[in-house]
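In the working numbering, the protein residues as written are 9 to 320. For reference, the structure is listed below as structure tokens.
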Amino acid sequence: MKSCDLTLLSKIIDGLDYDDAVLCAGINNKLNKMYYAGKELFVLQGRGIYLIDELLDRLKVQYELMNATDLYDLEDSEFENLLLIIPYMDISKIREMKTDVVQVIHAFSTFLVKRETKYGLGIYAEYDEGPHEDHIEIEDLIKLQSLKVKPLESACKIIHLTGEKYVSQKQIQDCILEHVNNLRSSSNYEDETGGWVVGRDFYDEFAKILRERWDEQFGKIEKYMILQSIQNGSAFFYRKELGIALENKYGSDDSALKKSGNIWRRISRILKASILTGKCIDQEIYELLENLKEIETNAIDELEECVLCVSR
């Protein structure tokens, strides 16, 4: 299962193939917390970026974020420089979304854009099942940008690429190494709206939440939010995808990443079984999380060593 946003980016940025994009996006070990409708919700982030604009920042590709209303007057030739990020949903349902309540949205799609009429756009994405084309009205994008959403600040991002659509191998290698350094750090943050735990402390914090809340406190909403955040996106919480890219680019048979991906798949199955059967969580999950701390630390070291060997 490929990431649709990275597939598109590799098609429009010269010098960046899909494996490069995967390696630059990287992985993450982050637990996000937010409050919604009186509930404390947790979402895991397995990829190093949430949306594609973060990767553009890392690669130092120049762009600007646009308001949907600006699309009415944008020159037709500039539409080929746009990337559109909207929720993964039936576009026909956008107008039914309520603007007076906070929406929880954590699955997004990225599209290329072309003008079809003054008021409507043709959009194109690449999903695992094949290319996907659709139509969206600018009015719908204005509606999305007006919504109150969590955990992000906006339900719609319109990215206008303003600079050269090219990255060098040095930019790619620098991006990967910078991400590796970030992975080694640990931090946590909390305020009245939520917070996060990222880094090596992530594994113990996630295990603690499962022990103290999964069986006795969490309802189906809280449980499904955690499960879907592990299952959404690319293969095996992005670990398998990164391992394949590492092998393709650097010839590294990264057994640590493959093992890590299989463990995350096992964790998702344990959580799903608990939800479907209503039974207590399998205690095996805590041993798996403890093992992941060491396995993923080794995987990060191997990733760095591969990139450094090539760049020397």
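Note that the Cβ used here is the ideal one computed from N, Cα and C, for glycine as well. As the structure is a prediction and not an experimental result, all values here were calculated from the model.
| Query | Result |
| --- | --- |
| Please classify phenylalanine 50: does DSSP put it in a helix, a strand, or coil? | strand |
| Taking C-alpha atoms, which residue in Gly56, Ile303, Ile60 and Asp22 lies nearest to alanine 264? | Ile303 |
| With distances taken between CB atoms, is the gap from lysine 10 to valine 206 smaller than 8 Å? | no |
| Identify which residue in Tyr258, Leu279 and Ile289 has its Cα closest to the Cα of glutamate 312. | Tyr258 |
| Reducing DSSP to helix, strand and coil, say where threonine 107 ends up. | coil |
| Measuring CA to CA, which of Leu149, Lys173 and Arg273 is closest to serine 162? | Leu149 |
| If you reduce the DSSP assignment to three classes, tell me which class serine 18 lands in. | helix |
| On the criterion of 16 or more Cβ atoms from any shown chain inside 10 Å, does tyrosine 135 qualify as buried, or is it exposed? | exposed |
| For lysine 287, does the three-state DSSP call read helix, strand or coil? | coil |
| From glycine 138 to alanine 29, what distance separates their C-alpha atoms? | 19 Å |
| Are three or more beta carbon pairs between the segment 186-202 and the segment 90-100 nearer than 8 Å? | no |
| Pairing CB atoms from the segment 54-72 with CB atoms from the segment 244-257, are three or more of them under 8 Å? | yes |
| Between the Cα of tyrosine 121 and the Cα atoms of Lys158, Ala76 and Val157, which residue gives the shortest distance? | It should be pointed out that residue 121 corresponds to valine in this sequence rather than to tyrosine. Answer by Cα proximity: Ala76. |
| Assuming histidine 143 and methionine 74 are in contact, meaning their beta carbons sit under 8 Å apart, how far apart are those beta carbons, in whole angstroms? | Contact flag wrong, Cβ pair sits at about 19 Å. |
| Which of the three DSSP states is assigned to methionine 97 in this structure? | coil |
| Can you tell me which residues form a DSSP beta bridge with aspartate 199? | Gly202 |
| Three Cβ pairs or more, each shorter than 8 Å: is that satisfied between the segment 96-105 and the segment 218-225? | no |
| Would the beta-carbon of alanine 133 fall within 8 Å of that of leucine 16? | yes |
| For asparagine 267 and arginine 277, I'd like the C-alpha separation in whole angstroms. | For the sequence presented, residue 267 should be read as lysine rather than asparagine. Roughly 16 Å separates the two Cα atoms. |
| Report buried or exposed for valine 69, applying the criterion of at least 16 other Cβ atoms within 10 angstroms of its Cβ. | buried |
| Please list, in chain order, all residues of the same chain as cysteine 164 whose beta carbon is under 6 Å from its beta carbon, the five residues on each side excluded. | Ile94, Leu149, Leu152 and Gln153 |
| With a floor of 4 residues, list each alpha helix (DSSP H) that falls wholly inside the segment 171-259, ordered by position along the chain. | 177-192, 209-217, 228-239 and 247-258 |
| Evaluate cysteine 288 with the Cβ neighbour count: other Cβ atoms within 10 Å of its Cβ, from every protein chain shown; 16 or more gives buried, anything less gives exposed. | exposed |
| Please classify isoleucine 146: is it buried, with 16 or more other beta-carbons within 10 angstroms of its beta-carbon, or exposed? | buried |
| Taking the CB atoms as reference points, tell me whether cysteine 314 and serine 260 lie closer together than 8 Å. | yes |
| Hey, could you find the ends of the alpha helix (DSSP H) lysine 68 is sitting in? | Element bounds for lysine 68: n/a, residue is neither H nor E. |
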